[in-house]
Amino acid sequence: MIAIRCDSSTQMGTGHLIRCLALAEQLREFHPEIHFFCRDLPGHISERAREKGFALTLIAANTSVAEEIKTIQNLSPQAVVVDHYDLDEKWESSFYSKSFVFVIDDLADRKHQCHALVDQNFRFSKENLYSSLLPLDTSLFLGSRFAILRKELLSLKRKNSAAGARKKILCFFGGADSSGEALKLAQALSHYPTDSFFQIV
């Protein structure tokens with residue numbers, strides 16, 4: 000079994016869950032038993048995992064970290080995927096000796112105890128900010144070529160690879176956008192003439 004630990008909420012948005020679902024869709028072709036573990040936070044969309052055919056355990060918001068870890072350990076996962084800014088080497092070390100630990104991160108601001116880590120940010124095409132944050136034998140996948148994308152986006156990428164110059168740019172500010180960045184962009188672009196190359200949808 001592959002255990003995936005991620006959350007979504009009104010405050011943190013939906014990105015962690017969405018990219019874990021994209022990864023799970025790919026993993027299902029090789030390992031059919033995938034189990035999501037998500038906290039029951041305000042505004043979460045964790046049910047999407049169940050809608051996609053994956054097992055889902057909702058963890059009560061007030062559950063201790065120790066209880067959370069035990070809940071996952073009781074199912075003896077072969078691998079644990081972690082996509083969470085509040086989890087670090089202390090949480091991951093509970094699984095490291097018995098499970099393959101795979102971390103998804105994009106902050107490079109804390110230590111991890113994992114066997115592999117992916118960070119799909121553009122900046123990592125030239126630098127590695129994780130050199131002092133990981134065990135020496137951790138496999139690293141850094142840069143945008145390791146971006147975790149849904150299947151339909153992967154097929155779109157292949158279709159457009161030979162299409163020449165790009166005519167559209169998609170700007171997306173997450174599933175929550177609590178600071179209203181989408182509105183700010185729309186207001187900024189509204190100053191351009193309607194026949195410009197911008198299109199607001």
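By numbering that gives the first Met the number 0, the letter at position 67 of the sequence shown is numbered 66, and the numbering carries on one by one without gaps.
C-beta: ideal position from N, C-alpha, C; glycine also.
Confirm, please, whether the CB-CB distance from I58 to D82 is below 8 Å.
-> Taking 8 Å as the Cβ cut-off, D82 and I58 do not qualify as a contacting pair.
Count the CB pairs spanning the segment 40 to 56 and the segment 87 to 104 that are closer than 8 Å, and state whether there are at least three.
-> Too few Cβ pairs lie closer than 8 Å, so no.
Under 6 Å Cβ to Cβ from Y129, same chain only, skipping five residues before and after it: list those, please.
-> Excluding positions up to five away in sequence, the list reads A107.
Leaving aside the five residues before and after L184 along the sequence, list all residues of the same chain whose C-beta is less than 7 Å from its C-beta, in chain order.
-> Once the five neighbours on either side are set aside, the close Cβ partners of L184 are C170.
Residues that DSSP places opposite L55 in a beta bridge | According to DSSP, L55 bridges with F35.
Helix, strand or coil: how does DSSP classify L128 here?
-> Three-state result, L128: coil.
Ends of the alpha helix (DSSP H) at C5?
-> Where C5 is concerned, there is no enclosing alpha helix (DSSP H), although the beta strand (DSSP E) it sits in stretches over I1 to C5.
From L135, F121 and K150, pick the residue whose C-alpha is nearest to that of L141; which is it?
-> Minimum Cα distance to L141 is reached at F121.
Residue range of the alpha helix (DSSP H) that L182 falls in?
-> Where L182 is concerned, the enclosing alpha helix (DSSP H) stretches over E180 to L188.
Nearest CA to the CA of S177: which residue from S7, I3 and M11?
-> It is M11 whose Cα lies nearest to the Cα of S177.
Three-state secondary structure (DSSP) at S143?
-> DSSP places S143 in helix when its eight states are reduced to three.
Helix, strand or coil for F29 per DSSP?
-> It is coil, neither helix nor strand.
Express the C-alpha separation of A187 and H114 in angstroms, rounding to a whole number.
-> Those two C-alpha atoms are separated by around 44 Å.
Same chain, Cβ closer than 6 Å to I68, neighbours up to 5 away in sequence not counted = Taking I68 as the centre and dropping the five residues before and after it, the same chain places the C-beta of S93 closer than 6 Å to its C-beta, in chain order.
What are the residues that DSSP puts in a beta bridge with D82?
-> In the DSSP assignment, D82 is bridged to C5.
Would DSSP call L16 helix, strand or coil?
-> It is helical.
Best match in A146, T9, T70 and S63 for proximity to G179 [C-alpha to C-alpha] | Ranking the options by Cα distance to G179, first place goes to T9.
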